[in-house]
Structure formats: structure tokens, C-alpha cells
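First residue of the sequence shown? That's 728 in my numbering, and the numbers climb one at a time after it.
Below is one structure, written out as C-alpha cells; comments come after it.
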Amino acid sequence: MSDTLPDRLSVNPSSPYYDEAVLSRGVGIRFKGVEKTNVEEYCVSEGWVRLSVGASKDRFGNPMTVKLKGPVEPYFNAALAPDAEPKA
728 MSDTLPDRLS VNPSSPYYDE AVLSRGVGIR FKGVEKTNVE EYCVSEGWVR LSVGASKDRF
788 GNPMTVKLKG PVEPYFNAAL APDAEPKA
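Next comes the structure, spelled out in C-alpha cells:
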């Protein structure tokens, strides 16, 4: 598998930008130099992230989100992978 992340990625399975293979490797996002853990979707070329806001849901059951613009730096983070083995 390639070590490059896609330009755009979403955690919502109904999105055309959802990629389970990439997400299973563990993806971290730095937005404006700060690590974000509530990113629902990002686009590097357009320079934006969509962040979930609180526990609120829309009428379709999706998390309420806010779209922020700025520099986006995605990276693979093995510690975030669901099948990662804990380090002793």
C-alpha cells in the first residue's frame, strides 16, 4: 500500500471520499499546526477541515459539523490504528 494519503478523506461511510483501507492504518490531522482529534473530513488542496461539534446530531443522525479553512497536514499514525498492538 502507498504511503501517501489522499487529497480528501472522510470518516463517513456514505461519503464518496470514505476509504476504509486508509482509515484502518490510522490517520492523524494537524490543522494550523495543532493536532485535531474530531476531524470528520479534510481536503488538503482546498485547505479545509470539517470538525464535529459536541454530541449534537443533525436530522439524519450525522454529527453536526463546522468547516474551517487553513493549512491541513494529514499523516499516518500507527497509534491510532484500531488493530495496533499496545506498546509495553
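All C-beta atoms in this analysis are idealised placements derived from N, C-alpha and C, irrespective of residue type, glycine included.
Asked: Which residues in the same chain as THR792 place their Cβ atom closer than 7 Å to its Cβ, once the five residues preceding and following it in sequence are excluded?; Found: GLU767, ARG777, LEU778, SER779, VAL780
Asked: Would you kindly work out how many angstroms separate the C-alpha atoms of LYS759 and GLY797, rounded to a whole number?; Found: 6 Å
Asked: From this set, THR764, LYS784, PRO790, VAL799, which residue's C-alpha is nearest ALA806's C-alpha?; Found: THR764
Asked: My assumption, with CB atoms under 8 Å, is that TYR769 sits in contact with LEU795. Please give the rounded CB distance.; Found: Actually they are not in contact, since the Cβ atoms of TYR769 and LEU795 sit about 10 Å apart, beyond 8 Å.
Asked: From the DSSP output, read off the bridge partner residues of LYS796.; Found: TRP775
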